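Written below as structure tokens is the structure these notes are about.
Residue numbers (this note's numbering): 328 to 494.
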């Protein structure tokens, strides 16, 4: 998924709150994401175990959302406990908790996993590493810290430049 999906979902959520459940109609673009028709190299969610979504918090911090389609849950992978309190994170993911079930016709919940970092601005690298490892069924490695985040930043830059990074 991409940030545009988040923006559309948030806009739909505001309309949902304004119109109420009975009068609300989902944006067909959101449904196209779920059907795998919206993004290049995308697949239908019905063929996925999880969907990864980057979420920007207050224009300052990136977290990764994992829409776990097997367990019907929403997992927030956050690496800096200082930036967003759990209650505040709940407010940021509430639109997903309301809208995703409408898209999937299933209930879901979320849990918030965190790892501390001391250098602000590295959250995007941590977010990508969270997604990479979680998609392989792993948790964030213990040695993922401020001392080696520059290595991962360079590795991702090279992979993107080479086009060798696979989804």
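Glycine residues also receive a C-beta, built at the ideal position from the N, C-alpha and C atoms.
Here the structure is a predicted model, which means the values were calculated and not measured.
For the pair residue 430 and residue 358, the CB atoms are nearer than the 8 Å cut-off. Residue 396 places its beta carbon less than 8 Å from that of residue 375. Counting only the Cα atoms, residue 461 lies some 22 Å from residue 331.
In the DSSP annotation of this structure, the continuous segment of the beta strand (DSSP E) that includes residue 383 starts and ends at 377–384. Taking a 10 Å sphere around the C-beta of residue 489, we find fewer than 16 other C-beta atoms and assign the residue as exposed. Contact between the segment 346–358 and the segment 401–419 is absent: fewer than 3 CB-CB pairs across the two stretches fall below 8 Å. Look at residue 462 here: in three-state DSSP terms it is helix.
Residue burial annotation: residue 350 is exposed, with fewer than 16 other C-beta atoms found within 10 angstroms of its C-beta.
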